[in-house]
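In the working numbering, the protein residues as written are 19 to 339.
Next comes the structure, spelled out in C-alpha cells:
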C-alpha cells in the first residue's frame with residue numbers, strides 16, 4: 019500500500035549496514051509496504067546511495083539530542099542521546115500509518131499484519147515489561163503529535179535520556195489500557211533475552227517474527243573470516259547475542275548487502291568472501307532456523323548433525339568502527 023511504510027533511522031555509516039540488512043529482510047519476505055530510511059548528516063554520500071538501492075525513500079533529518087548526560091550515564095549508554103532524532107518519524111505525513119523499526123532489527127517472516135494495529139502499538143521491554151520497547155512500534159504520522167513530543171521532551175525530559183523513556187511517558191496509557199496495542203514478544207525478540215527464559219524460547223521461538231540486537235555491540239561490530247566462513251572470537255559469554263540470530267544477520271549481509279557495498283567501492287578487503295555464507299546458516303527458512311536451535315537446546319541432532327547438547331561454537335571479536 020502506497021500510503022503505508024516501514025521506517026528506520028541511521029545516524030552514521032555503521033547503522034546504515036544494519037538498516038540495509040533490515041530493508042533486505044523486509045524485501046526477502048515480500049512486504050507490500052514502502053520502505054523509508056531517515057538519515058542524519060553523519061551518513062556519507064556513498065552510503066546514502068547504497069540505501070537508495072534498497073529503500074523507496076531516503077530522507078535527511080536534523081539531529082535531536084536530549085543532552086541528558088546524567089540520565090544516560092545511569093544506563094551506561096551515552097550514545098543513546100542521539101536516538102531522540104527518531105521523533106522525526108512523526109513528520110512523514112505522506113503516509114497514513116507506519117511501523118518504525120530500529121536499524122538493529124531484522125525480520126524473520128512477513129509482518130505486514132502490523133499495519134492492522136493502531137498507534138501506539140509495541141511489544142513489552144524485556145527489562146521492564148510495564149514499559150514498551152521502542153525498537154518496533156506502530157504509529158500514525160502527525161505534525162501535531164511531533165510538535166507535542168518535542169514540547170514534552172523540552173518540558174519533561176526523558177527518564178532514560180533517550181526516546182524509549184520519552185515515548186513511554188508520552189504514551190503512558192500503553193501499560194494499563196488497550197491490550198490490543200501490546201504486540202506479542204515475537205515481534206521484538208531481544209537476541210540476548212533467549213538466555214533469560216530458555217523454556218519459553220523452546221516453546222515459542224519458532225514463531226519469532228522480529229529479532230532485535232539490543233546492547234552496545236551490534237552484528238556489524240563483529241569480524242567475519244572469509245577463509246573459515248565464520249565469525250571470529252569466543253561465544254562463552256551468555257550476554258553476547260544469540261549465535262543463530264547472529265548467523266542469520268550475517269547471512270543476509272553477505273548475500274544481499276555486501277554486493278551492493280562492493281558495487282559502490284565501499285568494501286574491498288573482504289571481496290574474496292563475498293559469496294560465502296556463514297557456517298550453520300545457508301539460507302534456511304525462519305522456521306528451519308528456529309527448529310535447528312530448539313533441537314540443539316534439547317541436545318538432539320538436526321538433519322543428521324549432532325551438536326552434543328551444546329550451542330554451535332561461533333567465535334566473535336569486537337572491532338572499532
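Even glycine gets a Cβ: it sits at the ideal position worked out from N, Cα and C. Because the structure is a prediction, the values reported are computed rather than measured.
Candidates the options, of which the one nearest residue i by Cα
i	options	result
residue 131	143, 112 and 155	155
residue 267	33, 40 and 19	40
residue 272	175, 121, 187 and 242	242
residue 77	65, 87, 32 and 88	65
residue 36	121, 47, 208 and 106	121
residue 263	219, 185 and 108	219
residue 109	144, 260, 166 and 222	166
residue 43	133, 275 and 280	275
residue 164	195, 190 and 105	105
residue 95	31, 162, 234 and 186	234
residue 232	190, 207, 48 and 159	207
residue 7	158, 188, 56 and 182	The structure shown does not extend to residue 7, since the chain spans only 19 to 339, so no value can be given for it.
residue 60	34, 188 and 46	34
residue 189	158, 54 and 217	158
residue 93	56, 62 and 145	145
residue 173	162, 187 and 160	187
residue 32	46, 45, 54 and 62	62
Beta bridge counterpart(s) of residue i as assigned by DSSP
i	result
residue 249	242
residue 157	116
residue 23	52 and 116
residue 143	146
residue 228	125
Close-in-space but distant-in-sequence residues of the same chain around residue i (CB under 7 Å, 5 per side omitted)
i	result
residue 58	29, 79, 81 and 103
residue 227	125, 126, 127, 129, 204 and 205
residue 71	278
residue 282	64, 67 and 68
residue 86	99, 175, 176 and 179
residue 236	36 and 122
residue 50	19 and 130
6 Å Cβ shell around residue i - same chain, five flanking residues per side excluded
i	result
residue 52	23 and 74
residue 83	99 and 100
residue 171	184
residue 118	25, 107 and 155
residue 193	148
Own chain residues within Cβ distance below 8 Å of residue i, not counting five before or after
i	result
residue 142	148, 149, 150, 151, 200 and 203
residue 20	52
residue 48	128
residue 230	120, 122, 123, 151, 153, 154, 206, 207, 208 and 209
residue 161	108, 109 and 111
Original post:
Do the stretch 182–202 and the stretch 131–146 meet, that is, are 3 or more Cβ pairs less than 8 Å apart?
Top reply: Judged by Cβ distances under 8 Å, the stretch 182–202 makes contact with the stretch 131–146, as three or more pairs qualify.
**OP:** Any chance you could list the alpha helix (DSSP H) runs of at least 4 consecutive residues sitting entirely within the stretch 162–215, in chain order?
**Re:** Segments of the alpha helix (DSSP H) lying fully in the stretch 162–215: 181–188.
**OP:** Check whether the stretch 20–34 touches the stretch 108–119, taking contact to mean three or more Cβ pairs, one atom from each stretch, closer than 8 Å.
**Re:** Result yes; three or more Cβ-Cβ pairs closer than 8 Å.
**OP:** Entirely within the stretch 64–122 and at least 4 residues each: give me those alpha helix (DSSP H) ranges in chain order.
**Re:** Complete alpha helix (DSSP H) runs here, min 4: 87–93.
**OP:** Quick one: which unbroken alpha helix (DSSP H) runs of 4-plus residues sit fully inside the stretch 27–62? Chain order, please.
**Re:** Taking only runs of at least 4 residues, the alpha helix (DSSP H) segments lying wholly in the stretch 27–62 are 31–46.
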